[in-house]
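Here the structure is laid out as structure tokens; the discussion comes afterwards.
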Amino acid sequence: MSVSVNGINIAVRDLPAATDRYERLFGVKGEHVGPEGFAFPGLEGTKIDLDGFILNLITSTEDGTSVARFLERNGEGVFLFSAKVDDIDEAVEELRAIGMPPLLAETMRGDYGAVNFIHPRELNGVQLELIEHP
65 MSVSVNGINI AVRDLPAATD RYERLFGVKG EHVGPEGFAF PGLEGTKIDL
115 DGFILNLITS TEDGTSVARF LERNGEGVFL FSAKVDDIDE AVEELRAIGM
165 PPLLAETMRG DYGAVNFIHP RELNGVQLEL IEHP
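Here it is as structure tokens:
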């Protein structure tokens, strides 16, 4: 399995304020990501590309999403670590073989590419996103 760092996702309550803060911090303009850019409904965010390391600020626009539950439980902060893979099906099978089953029975596929996740309980409280870019 070929894996490289894609970036991190930070759960935020106020997306415009957080976007402004991070844009000023890094001197980089973020790109708005609408609901169509996520595998699950009820999310929106800002993608900040830091020389290939992607910082995603994510908020929930609906109750009950994984981000909404995270914010309720933990407050704002690192929500997940994102890893790029060349072949998501192979990566999922390799992780399954070492006792880390994917969160989704079927990998989600869309304009964003293909994604699956490893539950935080498997990795010391940090959710892992596997992403194969289109």
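Counting in the numbering used here, the sequence shown runs from 65 upward without gaps.
Yeah, the Cβ is synthetic: ideal placement off N, Cα and C, and Gly gets one too.
In this text, all values refer to a predicted model and were calculated from it rather than measured experimentally.
(request) Would you give the residue range spanned by the alpha helix (DSSP H) that Ala161 belongs to? (result) Counted from its first residue, the sequence shown places residue 161 at position 97. Per DSSP, Ala161 belongs to the alpha helix (DSSP H) from Ile152 to Ala161.
(message) If the criterion is Cβ atoms closer than 9 Å, does the pair Gly71 and Leu135 meet it?
(response) Mapped onto the sequence shown, residue 71 falls at position 7. Mapped onto the sequence shown, residue 135 falls at position 71. Taking the C-beta atoms as reference points, Leu135 is found no nearer than 9 Å to Gly71.
(message) Could you check whether Asp151 and Ile196 sit closer than 9 Å to each other, using their CB atoms as the reference points?
(response) Translated into positions along the sequence shown, residue 196 becomes position 132. Translated into positions along the sequence shown, residue 151 becomes position 87. First, the amino acid is wrong: residue 196 is Glu here, not Ile. A Cβ-Cβ contact shorter than 9 Å links Glu196 with Asp151.
(message) Threshold first: 3 residues or longer. Then list the beta strand (DSSP E) segments lying entirely within the segment 86-138, N to C.
(response) The qualifying runs are 95-97, 107-114 and 117-124.
(request) Since I believe Phe143 is in contact with Ile112 (beta carbons under 8 Å), could you give me their beta-carbon distance rounded to a whole number of angstroms? (result) The residue given as residue 112 occupies position 48 in the sequence shown. The residue given as residue 143 occupies position 79 in the sequence shown. Not a contact, Cβ separation roughly 15 Å.
(request) Can you tell me the Cβ-Cβ gap for Phe181 and Leu167, rounded? I've got them flagged as a contact below 8 Å. (result) The sequence position of residue 181 within the sequence shown is 117, counting from 1. The sequence position of residue 167 within the sequence shown is 103, counting from 1. 4 Å between Cβ atoms; contact.
(message) Which residue marks the beginning of the beta strand (DSSP E) containing Arg173, and which one marks its end?
(response) Residue numbering aside, residue 173 sits at position 109 when the sequence shown is read from its first letter. Residue range Met172 to Gly174 is occupied by the beta strand (DSSP E) that includes Arg173.
(request) Measure the C-alpha to C-alpha separation of Gly174 and Ala103 and round it to an integer number of angstroms. (result) Here residue 174 corresponds to residue number 110 of the sequence shown, with the count starting at 1. Here residue 103 corresponds to residue number 39 of the sequence shown, with the count starting at 1. Taken atom to atom, the span from the alpha-carbon of Gly174 to that of Ala103 is near 7 Å.
(message) Check this for me: beta carbons of Thr83 and Thr110, under 9 Å apart or not?
(response) Residue numbering aside, residue 83 sits at position 19 when the sequence shown is read from its first letter. Residue numbering aside, residue 110 sits at position 46 when the sequence shown is read from its first letter. Yes. Within cutoff.
(message) In this structure, how does DSSP classify Ala169 when only helix, strand and coil are distinguished?
(response) For this step, residue 169 is matched to residue 105 along the sequence shown. Looking at Ala169 - three-state DSSP - the assignment turns out to be coil, as it is neither helix nor strand.
(message) If you reduce the DSSP assignment to three classes, tell me which class Glu186 lands in.
(response) For this step, residue 186 is matched to residue 122 along the sequence shown. Helix.
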